[in-house]
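Q: Protein chains in written order, with our numbering: chain A, 11 to 378; chain B, 2 to 531.
Sending over a structure as C-alpha cells; questions will come in a sec.
Below, the structure written as C-alpha cells:
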C-alpha cells in the first residue's frame with residue numbers, strides 16, 4: 011500500500027481546516043467551527059494511517075537489505091523519521107495532535123486559526139523545497155537506536171513550541187492597544203513575515219513543475235518571488251512584502267475584537283503558552299539535547315562539538331530557559347514573556363531549517 | 002568594624018550572584034553571542050572567513066575586520082576567554098541561586114502537614130463537598146481506603162465531633178529543579194575532566210598495519226618539525242609503545258622525547274592497534290554506503306587481546322580509549338593483494354592471494370588466469386561505451402583477468418565485486434572478487450574521556466529532574482468528615498480541599514475520583530453534587 015495517498019488527503023484536509031478555522035474566526039459561525047475541527051480530525055487520522063503505512067513499508071525496505079536484523083531493531087531503523095521530509099511530516103502530525111488536545115481541553119477552537127497555518131507552512135515547505143519523498147536507504151551514521159527517540163521527542167517538543175508560538179502571537183494581538191506600541195509592532199511584523207513566506211511558498215508551489223521538485227532543496231525555495239533570478243520580480247516582491255507587513259500592522263487591531271468576541275481571554279492564551287512550553291522544554295532538553303549528545307558520543311566520540319545545529323539548539327534552549335526563569339522566578343508577566351515565546355519559536359525554526367538551509371554541519375543529512 | 006565591612010561586602014557579592022536578574026542577563030548574553038560562532042566558521046583557514054567577511058565589508062577592509070575578530074576570539078569563540086568566562090559566571094550564578102533557594106524548599110518539604118480549620122479548607126484552590134447517608138466510622142474507613150488506593154499516606158486528627166484526614170504526595174518533586182541545576186554543574190565538571198585528563202585524536206591505519214599511538218590536532222608545524230614528527234612516528238612503528246627504546250634509538254632523553262611528543266600531538270596508547278581490513282558495504286546495486294566497517298585488533302605485549310569489527314555507532318573500547326569508525330580512504334601509491342575465491346565445477350572452493358601480473362590455474366581446468374588491471378570504480382561510459390573509472394575510492398571495484406587456454410583464444414574479462422555473476426567462466430567454474438587488500442586505510446577517531454561517565458550520570462539526573470519539575474506536582478489534600486443529623490437520618494458531610502504546585506486540572510480530577518470512590522462504596526451511586 012502507498013502512504014502518499016493518505017498523506018495527500020491529510021494535507022488537503024489540514025489546509026481546508028486552516029481555511030475553515032480562519033473563516034470561523036472571522037464570522038464566528040458555529041457550524042464552520044465544527045467543520046474546521048472535523049476536517050482537521052479527519053486529516054489527523056488519515057495522516058496517522060499514512061505514517062503507519064510508511065513505517066511498515068520502510069520495515070520491509072530495511073529488512074530486504076538487512077536480512078539478519080531482528081524485529082525490534084528493524085522496527086527502530088524503519089521508523090519514518092529519517093530525513094527532512096519525514097521529520098517535517100512528523101512535525102505537522104505532532105502539531106495537529108497537540109492542537110487538537112488543547113482544543114478539547116479548553117473547549118475553544120479559535121487557536122486553530124493560529125496553529126493550522128504553521129502546519130500549512132510546513133506542508134508547503136515539503137512540496138516547494140523538493141525534499142525527496144522516496145523511502146531512502148539509511149546511511150550508517152543514522153543506524154542507531156537513538157534515532158527514533160531523539161527525533162520523536164525533539165519534534166514533539168518543537169510542536170509544543172509551535173503551539174506556544176501561536177498562543178503567544180494571539181496573546182500579543184489581544185493585549186496591545188495601539189499601533190505605536192513596540193509589542194504591537196513586533197507581533198504584526200512577525201505575523202506579516204510568516205504570512206509572506208506562506209504566500210511566497212504557495213506561489214513557488216504553483217510555479218514549479220513536477221520535474222523540478224525532485225531537485226535540491228535550496229533551488230526552489232522562494233525562487234518564484236523573493237529569490238527570483240529576475241531583478242524586477244525580486245524588487246516587486248520586496249515592495250509587496252513590505253506593503254503587506256504594513257497592511258497587517260495597519261489592520262491588526264481588528265484581530266483583538268474578533269478574539270474577544272470568541273470568549274478568548276488573554277489569561278487563557280497566556281496559560282496555553284506557558285503550558286505548551288512546560289511540555290516542550292523538558293521534551294526538547296531530554297530528546298534533543300541530551301539524547302543528541304549521547305548519540306554523538308557513541309557515533310563520533312564527541313558529545314558536544316559546537317557544530318551549528320548543536321549551537322542553535324542550545325540557543326533555543328537558552329531562550330526557553332529564559333522564558334521559564336523570567337516567568338516563574340523573576341516574575342515577568344504579560345507581553346514581555348509572550349515576546350520571548352515568539353522569539354523561542356523563531357530560534358526553533360532556525361535550528362530546524364535555517365541551519366540546514368543556510369549553514370552546514372553534522373546534520374547535513376537533513377538537506378537531501 | 003572591619004568584620005562588619007567584610008560581611009557587608011560578602012553579602013553584596015553573594016546577592017549579586019544570587020540574583021535572577023544576573024541569570025537572565027547571562028542567558029540572554031549566551032544566546033546572543035553563541036550565534037556568532039554559527040556564522041563565522043570556527044577554527045577554519047583564515048582565507049575562508051576573510052572571503053565570508055568580504056561579502057559584508059568589501060575586499061579591502063575584510064582582512065582588518067578579520068584581525069579584529071581574531072582579537073575577540075570569534076574564530077574559535079567557544080574556547081575564547083570571554084565565552085568561557087561567561088560559562089564560569091553562569092555556573093557560579095547557578096550554584097549560588099541554588100544554594101540561596103534550597104533551604105527554603107527543604108523546609109517546605111520537611112515541614113509536616115497540619116490539619117486545617119473548616120474555613121481554611123474552604124479557601125483552598127480546589128474544593129468539593131458532598132453529604133453521604135452513613136455514619137462517621139464507615140465514612141472514615143472508606144475515605145482512608147480511597148486515599149490509600151491513590152497512594153496517599155494519611156494522617157488523622159480528631160476534633161470535637163468531626164474527623165479530619167489529611168495527606169500529601171510528591172513533596173520531593175520540589176527538588177526536581179535542583180536536580181536539573183546540579184546536573185548542569187556536573188556536565189561542566191565532566192567537560193573539564195574530559196579536557197584535563199582525556200584526549201581526542203585520530204589515526205589513519207592502512208589495512209594490515211598497526212600503530213601504538215594516536216595523533217592529536219596541533220598548531221601548524223614548520224617543515225623541520227614535521228620531519229622530526231615523522232621520524233618519531235617511524236621509530237614508534239618499530240618499537241611500539243616502549244618509550245625508553247624509542248628515546249634510545251632517537252638519541253633523546255626520555256623527558257625531552259615526552260615534551261616533543263606533547264608538542265607534536267603524539268599520544269602513546271600503551272598498546273597497539275591493528276587494522277586487519279577496512280570495507281565499505283553498499284546497498285545492493287547502488288553507490289549508497291550501507292556500512293563502514295573495520296576489523297581491529299588490540300595487541301598488548303605481543304599478544305592479541307581483542308578482535309572486533311567496528312562500525313559507525315559501534316566503536317571499540319579498550320583501557321578507557323575508544324576507537325570510532327569515522328572515515329576511510331585510499332593509501333597513496335599502495336600496492337595491494339587481490340583476494341580471489343575460485344569455485345570449480347564440482348563446487349570445491351579455494352582462496353587465492355595474488356599481486357598484479359601474477360597467474361593462477363583455475364582448478365579443474367586448463368584455464369590460466371593472469372591479473373592485468375584494476376579499477377576502483379568501474380563503469381561503462383554511456384556515450385562512448387568505453388570503460389572508465391568513476392571514483393578514486395573503492396565504490397565499485399573490479400579486476401581484469403586475462404584468460405589463456407590451449408583450446409581457446411586469449412580473452413580478458415572484468416570481474417566486479419558487486420556483481421558476482423561477472424565471474425562465471427565457460428565450463429562452469431567461477432571466480433569471485435573478494436577484495437583488493439592493503440590499499441585502503443581506516444580513519445579512526447580516538448578518544449579518551451573519563452568525564453563522559455559524569456556526563457551520562459548528569460543526563461540521567463537531568464531527565465529525572467525535568468520530569469519531576471515539569472510533569473509531577475506536590476499535592477496536598479485535606480478531608481473533613483462531619484456527622485450531621487436531621488431527624489432520624491444520619492449522614493456525614495465530606496468537605497475536601499486541596500492544593501497542587503502545578504497542573505491543578507489533573508489534581509481536581511484526582512480529587513473527584515477519590516470522592517466518588519467513597520460515595521460509591523457507601524451509597525452505591527455517584528456523588529450528588531451540592
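The C-beta atom is built at its ideal place from N, Cα and C for all residues, glycine as well.
Once you ignore the five residues that flank residue 149 of chain B on each side, which residues in its own chain have a CB closer than 7 Å to its CB?
A: 155
Q: Residue 495 of chain B and residue 121 of chain B - do their beta-carbons sit closer together than 8 Å?
A: no
Q: Using the rule of at least 16 other Cβ atoms within 10 Å of the residue's Cβ for burial, across every protein chain shown, is residue 322 of chain A buried or exposed?
A: buried
Q: Would you say residue 442 of chain B reaches chain A, if we count a Cβ-Cβ gap shorter than 8 Å as a contact?
A: no
Q: What residues in the stretch 308 to 328 of chain A have a beta carbon less than 7 Å from any beta carbon of chain B?
A: Within the stretch 308 to 328 of chain A, the qualifying residues are 308, 309, 310, 311, 312, 313, 316, 318, 321, 322, 324, 325, 328.
Q: How many Å lie between residue 194 of chain B and residue 450 of chain B at the Cα?
A: Residue 194 of chain B and residue 450 of chain B have their C-alpha atoms some 8 Å from each other.
Q: When the cut-off is 8 Å and only beta carbons count, does residue 50 of chain A lie next to chain B?
A: no
Q: Have a look at the DSSP bridge pairing and note the partners of residue 317 of chain B.
A: B:324
Q: Kindly indicate the opening and closing residues of the alpha helix (DSSP H) around residue 142 of chain B.
A: 137 to 150
Q: Residues of chain A with CB closer than 9 Å to the CB of residue 68 of chain B, please, in chain order.
A: None at all; the shortest Cβ gap to chain A is about 22 Å.
Q: Would you grab the beta carbon distance between residue 91 of chain A and residue 162 of chain A for me? Rounded to a whole angstrom, and I think it's under 8 Å.
A: 6 Å
Q: Going along the chain, which unbroken runs of the alpha helix (DSSP H) with 4 or more residues stay wholly within the stretch 161 to 217 of chain A?
A: 192 to 217
Q: Using the C-alpha atoms, what's the distance from residue 34 of chain A back to residue 126 of chain A?
A: When rounded, the distance between both Cα atoms is 13 Å.
Q: Alpha carbons only, please: which of B:129, B:347, B:436 is nearest the one belonging to residue 281 of chain B?
A: B:436
Q: Using a beta-carbon distance below 8 Å, is residue 204 of chain B in contact with chain A?
A: Taking Cβ atoms only, chain A never reaches closer than 8 Å to residue 204 of chain B, which makes this a no.
Q: Could you pull out every residue in the same chain whose Cβ sits closer than 7 Å to the Cβ of residue 73 of chain A, ignoring the five residues on either side in sequence?
A: 79, 84
Q: For residue 476 of chain B, return the contacting residues in chain A, with the cut-off set at a CB-CB distance below 7 Å.
A: None at all; the shortest Cβ gap to chain A is about 17 Å.
Q: Under 8 Å: do the stretch 185 to 200 of chain B and the stretch 269 to 277 of chain B share three or more Cβ pairs, one atom per stretch?
A: no
Q: Looking at the unbroken alpha helix (DSSP H) that takes in residue 254 of chain A, where does it start and where does it end?
A: 241 to 261
Q: Hey, is residue 75 of chain A's beta-carbon within less than 8 Å of any beta-carbon in chain B?
A: yes
Q: Rank A:117, A:167, A:48, A:249 by C-alpha distance to the C-alpha of residue 362 of chain A and give the top, closest one.
A: A:167
Q: Taking the beta strand (DSSP E) that residue 444 of chain B falls in, what are its first and last residues?
A: 441 to 449
Q: For residue 57 of chain A, tell me which candidate among A:21, A:271, A:181, A:66 has the shortest Cα-Cα distance.
A: Taking the Cα of residue 57 of chain A as reference, the smallest distance to any Cα among A:21, A:271, A:181, A:66 is reached at A:21.
Q: Decide if residue 331 of chain A is buried, meaning its Cβ has at least 16 other Cβ atoms within 10 Å, or exposed.
A: buried
Q: With a cut-off of 8 Å on the beta carbons, I'd call residue 307 of chain B and residue 295 of chain B a contact; round off their distance for me.
A: That pair is no contact at about 13 Å.
Q: Counting along the chain, where does the beta strand (DSSP E) carrying residue 58 of chain A start and finish?
A: Premise fails: residue 58 of chain A lies in the alpha helix (DSSP H), 40 to 75, not in any beta strand (DSSP E).
Q: Closest to residue 211 of chain B by C-alpha separation, out of B:481, B:255, B:445, would be which residue?
A: B:445
Q: So, residue 474 of chain B versus residue 503 of chain B, is the Cβ gap smaller than 8 Å?
A: yes
Q: Give the straight-line distance between the Cα atoms of residue 270 of chain A and residue 176 of chain A, rounded to the nearest whole angstrom.
A: 16 Å
Q: Counting only runs of 3+ residues fully inside the stretch 368 to 443 of chain B, write out the beta strand (DSSP E) ranges in chain order.
A: 369 to 376, 379 to 381, 388 to 390, 399 to 406, 409 to 417, 431 to 438
Q: Whose Cβ in chain B lies nearer than 9 Å to the Cβ of residue 291 of chain A?
A: 467, 471
Q: For the stretch 465 to 472 of chain B and the stretch 199 to 215 of chain B, state whether three or more C-beta atom pairs, one from each stretch, are separated by less than 8 Å.
A: no
Q: Whose Cβ in chain B lies nearer than 7 Å to the Cβ of residue 339 of chain A?
A: 21
Q: For my contact list, residue 86 of chain A and residue 152 of chain A are in at a C-beta cut-off of 8 Å; report their separation, rounded to the angstrom.
A: Contact doesn't hold; Cβ gap of about 11 Å is too wide.
Q: Counting Cβ pairs closer than 8 Å, one from the stretch 319 to 331 of chain B and one from the stretch 401 to 419 of chain B, do we hit at least three?
A: no
Q: Would you call residue 247 of chain A buried or exposed, if buried means 16 or more other Cβ atoms sit within 10 Å of its Cβ?
A: With 16 or more other Cβ atoms within 10 Å, it is buried.
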